[in-house]
Each structure stands twice: as structure tokens, then as C-alpha cells.
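Below is one structure, written out as C-alpha cells; comments come after it.
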Amino acid sequence: MKFYIKTYGCSFNQADSENIEAFLQKNGHERVESEEKAEVVIFNTCGVKDSTENRIVNDIKKCGKKIIATGCLVQAQPDKISVLKKDISLVGTFDNIKILDALTSKGVWIRKGLNVPSKPKLNGLVSTIQVSTGCLGNCTFCQTKLARGSLKSFDESKIVKNMEGLAEKGCREFRLTSQDLGCYGFDAGTSLPSLLEKIVEIKGNFKVRLGMMNPEHAIQIKNDLVKFLKNDKIYNFIHIPVQSGSDAVLEKMNRNYTISEFKELIGFLKSNSKDLTIETDLIVGFPTESRDDFNETLQLMNEVKFDIVNLSKFSARKNTPAALMKQLNKNEIKKRSVEASAVYKRISLEKNTEMVGRVEKVTVIEKARGLMLSRTKSYKPVLVNAELGEEFFVKITSAGQSHLIGERLLNNEY
Ligand code: SF4
Numbered sequence: 172m173k174f175y176i177k178t179y180g181c182s183f184n185q186a187d188s189e190n191i192e193a194f195l196q197k198n199g200h201e202r203v204e205s206e207e208k209a210e211v212v213i214f215n216t217c218g219v220k221d222s223t224e225n226r227i228v229n230d231i232k233k234c235g236k237k238i239i240a241t242g243c244l245v246q247a248q249p250d251k252i253s254v255l256k257k258d259i260s261l262v263g264t265f266d267n268i269k270i271l272d273a274l275t276s277k278g279v280w281i282r283k284g285l286n287v288p289s290k291p292k293l294n295g296l297v298s299t300i301q302v303s304t305g306c307l308g309n310c311t312f313c314q315t316k317l318a319r320g321s322l323k324s325f326d327e328s329k330i331v332k333n334m335e336g337l338a339e340k341g342c343r344e345f346r347l348t349s350q351d352l353g354c355y356g357f358d359a360g361t362s363l364p365s366l367l368e369k370i371v372e373i374k375g376n377f378k379v380r381l382g383m384m385n386p387e388h389a390i391q392i393k394n395d396l397v398k399f400l401k402n403d404k405i406y407n408f409i410h411i412p413v414q415s416g417s418d419a420v421l422e423k424m425n426r427n428y429t430i431s432e433f434k435e436l437i438g439f440l441k442s443n444s445k446d447l448t449i450e451t452d453l454i455v456g457f458p459t460e461s462r463d464d465f466n467e468t469l470q471l472m473n474e475v476k477f478d479i480v481n482l483s484k485f486s487a488r489k490n491t492p493a494a495l496m497k498q499l500n501k502n503e504i505k506k507r508s509v510e511a512s513a514v515y516k517r518i519s520l521e522k523n524t525e526m527v528g529r530v531e532k533v534t535v536i537e538k539a540r541g542l543m544l545s546r547t548k549s550y551k552p553v554l555v556n557a558e559l560g561e562e563f564f565v566k567i568t569s570a571g572q573s574h575l576i577g578e579r580l581l582n583n584e585y
């Protein structure tokens, strides 16, 4: 059967889609490049934001093909999706292999609590590696927890073996992904540092991007982190979601750290890893967020100067504790989001502009905007004119808010 997968949300979901794709191809089905060419469309859904949920609902309603829906939104709110189309099949996040059955029959396959490690594949020069699923948190705003459950770390030796195979096939960038990379192995008698120790020994010319890790777990492994961030095989990049700059809000979110602990962590990482790129996630308009709380978030942004901020307007997710709290006015949330976004854009442009004139070694990883996207050791995106996989020095000639432009240098120019 000809199938097309539409993926929403994070890199973890992206990896799930790649896994589904490889599994269906192995079983004789054909992946096509567009919804129009497909006999069946698989929607791999995400339940993090209201806006994404609305997009998924609209896309499913518009789709005239046979539909299979899977992913976090399906696992957490199957009823929301099942009513959209008469013949829709639903497959939960723990039952991906049932998509094979769903291709030929209509049904609902949703169970709780099983976790299946994925078989990663090479997508161009990049491979997304799921190292665990679920988490140890209970954040009051989060629906992902309802869909993915508690932490289940995948087998360290299998992860390494998969990566060895992919490195041999020419993988240049591994993206380690999970709901919380920092607690990898806490349920299995191992840890992220132990996994990284083995990964950096894998033969090949590649770099690893560390995925999102919560502050409380990053704090526990901070000494190891700075050691690995210096390693040639690990990007000097970290993604630590702080969510709010206010202790009062963090408490209501049920996050397990304070702002002073977070700042201490960032200070430690920055002072030990020169040119570290820091990404974070922020939610504005959480139900209990006062104007003063929000100002503390702005203050944190100005102080830490994050390179990348994934900014979300709070939207109540069904069946979460935060959905039962008294909600803020939507216009106020929007106003705060616009304000925070302006601060983020100003800071990221300033930081990127500081890079103009610098000489950096880059590797060309993927195509973007009609040019090629290369990455520095600090995972800064540099648009260049070159071939995939090439490695060379560039001079940064200009900067935008989300990227840099680089000019390739000849051997005698650096
Ligand atoms: S740590 Fe919190 S935000 Fe992250 S997946 Fe778990 S419950 Fe959700």
C-alpha cells in the first residue's frame, strides 16, 4: 500500500515516524512523497500545544484518504480524534507495530505502559536516536506524560550498536532524543555519562547533539556534561527547558528546581564550556503567572541570554492539573507572548551578530532555504554554498536572528 506520514511536534515524534516508515517498507508497503499520492495517510500527532492540536484536527478533517492516527494526542485523548472521521484507525504510542494491521482494517489499538525501543535510520546525513521514553516528572501542564508514561530507558548496548551501524553508513549527526535526556538510565542502573562514554568511542566522523534535559537532572551530571561538551564528537550545545523565570510559577508547575539553582547550573556550564549554545523552553501565561512573575521571566531571558527560546503561550491541556486552575485572559497571554518574543529576537540577533567576522569550522549537514545548512561545533546554523557532507572553514559574513551566513575560506585564508 502507498502511505504518507504527516508528523507533528518534537524530534522524538520525528524518530517515531522514521521508525514506522522503515517498518512499513520492510513489510512491503511504499512510502510516497505527498498526501495526494498516498492510499493511506498516517498522522503522527502531538499533544503539547493547543495550536498544534487545532492544526491536526483541521488536517485530519480535510484529508480525503484512509487515515491512521497515532502519537501522543491519540494516546492521551483518543476520543478527540476518533470523532473526526468515521473510518479512522487509532494506534497508541506503545503499539506502533499495529499500524501494519491498521493499514488493512479499521480498529483501535491503544494500551498503556509498554515501551518499545525504536530502530533508528539514516535520514540524509542525520539520524535521530531515541534513548528513552517517558519521564520522572509530573509537570502540571503536561499532556506528554499522560501519553508516554514513566521513564523507560532503552538498552545502552543496543543504542550504541545501532549508532555504530549508522556511523559506518556515513551518519554525520546523531540527535539523541527523549522526553528528558538528563535522567537517561536512572531506571536501569546506568546514566547519560555512561552512555556518552561509549558513544564517543564509536568510530566515524560524526557529532552528537544532546537533546532536551530537565534542569534538576542536568544539575546532577553537570561535571560530566562539561567534559563531554568539550569532546570533538559532541556539539557544544545544550537544551535545558526552564519554563518560567519565577519560583512561584515553577512550584505550581511542579518543576523540581529553583531559578537560583538553574542560574547556578547555567553559570557553571558557561564558564566551563566556551561558546556554549543554550536552548530553552518557556511557557508564558501559566494560570498563576502574575505580571511580576512574567517580569521575572523577562529578567531571566535578559540575564542568561539564551541562544534559542522555544516560546509557548500556555494552553490548558485536557486532563492535566493546570487545566483545572483559573485561566488567564487570552489577550493578556498573547500580549506577554509578543513581549517575550521581542526580547528573544533581540537577544538572539545580538548574539548572532557578535559572530560576524569570526572564522569557524563547519560541516554541511542538510539542505535549507535553497542553500546548504552547516553546523559549527557549537551547533550554530551557518548557511553556505557547498555540497552535503563537506567540512571546511568559513568566515561568518552576516547574521540573522535564526541563522548565520558564511563564506567558504580557501586553505591559505585561515
Ligand atoms: S518532565 Fe514534565 S514536561 Fe517533561 S515530559 Fe515529563 S511531565 Fe512532561
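When you number the sequence shown by my numbering, it's gap-free, plus one each residue, and the end is 585.
Note that the Cβ used here is the ideal one computed from N, Cα and C, for glycine as well.
Note that this is a predicted model, so its numbers are computed, not measured.
Item: Quick check: is any heavy atom of ligand 1 less than 7 Å from the C-beta of T591?; Value: This structure does not reach residue 591, given that the chain is present from 172 up to 585, and the question cannot be answered.
Item: Helix, strand or coil: how does DSSP classify Y175 here?; Value: strand
Item: Check whether the Cβ atoms of K256 and I238 lie closer than 8 Å to each other.; Value: yes
Item: Which same chain residues end up closer than 7 Å to E558 when comparing Cβ atoms and leaving out the 5 residues on each side of it in sequence?; Value: V535
Item: Using CA atoms only, rank isn't needed, just tell me which of D230, L400, E339 and I231 is closest to L363.; Value: L400
Item: Just to confirm, is the Cβ distance from E460 to V420 under 8 Å?; Value: yes
Item: Going by other Cβ atoms of all chains shown within 10 Å of its Cβ, with 16 needed for buried, is A539 buried or exposed?; Value: exposed
Item: Using the Cα positions of M383 and P492, report the straight-line distance between them to the nearest angstrom.; Value: 23 Å
Item: Within 10 angstroms of its Cβ, does T216 collect 16 or more other Cβ (buried), or is it exposed?; Value: buried
Item: Would DSSP call F357 helix, strand or coil?; Value: coil
Item: Got a sec: does ligand 1 put a non-hydrogen atom nearer than 7 Å to the Cβ of K423?; Value: no
Item: Which residue comes first and which comes last in the beta strand (DSSP E) that contains T451?; Value: T448 to V455
Item: Just to confirm the assignment, what range does the beta strand (DSSP E) spanning K393 have?; Value: Element bounds for K393: not the beta strand (DSSP E) but the alpha helix (DSSP H), K393 to L400.
Item: Hey, quick one: how far does the beta strand (DSSP E) through V538 stretch, first residue to last?; Value: Per the sequence shown, the amino acid found at residue 538 is Lys instead of Val. Start and end: V530 to A539.
Item: When we look at the beta-carbon of R319 and count the other beta-carbons within 10 Å, is it buried (16 or more) or exposed?; Value: buried
Item: Regarding Q196 and ligand 1, is the C-beta to nearest heavy atom distance less than 7 Å?; Value: no
Item: Quickly, what does DSSP pair E578 with across the bridge? List them, please.; Value: K566
Item: When the Cα of E206 is compared with those of E372, A193, I268 and I176, which residue comes out closest?; Value: I176
Item: Measuring alpha carbon to alpha carbon, tell me which of F377, T264, L447 and V254 ends up nearest I409.; Value: L447
Item: Closest by CA to R546, which one among F377, K423 and S442?; Value: F377
Item: Smallest Cα separation from Q350: which of G305, E335, D464 and E368?; Value: G305
Item: Please determine, among K236, I405, T568 and K532, the residue with the shortest C-alpha to C-alpha distance to N582.; Value: K532
Item: Less than 7 Å between the CB of G456 and some heavy atom of ligand 1, yes or no?; Value: no
Item: Considering only heavy atoms of ligand 1 and the C-beta of each residue, which residues fall inside 6 Å, strictly closer?; Value: C306, G308, N309, C310, C313, T315, K316, Q350, D351 and N385
Item: Distance, Cα to Cα, T264 vs A487?; Value: 22 Å
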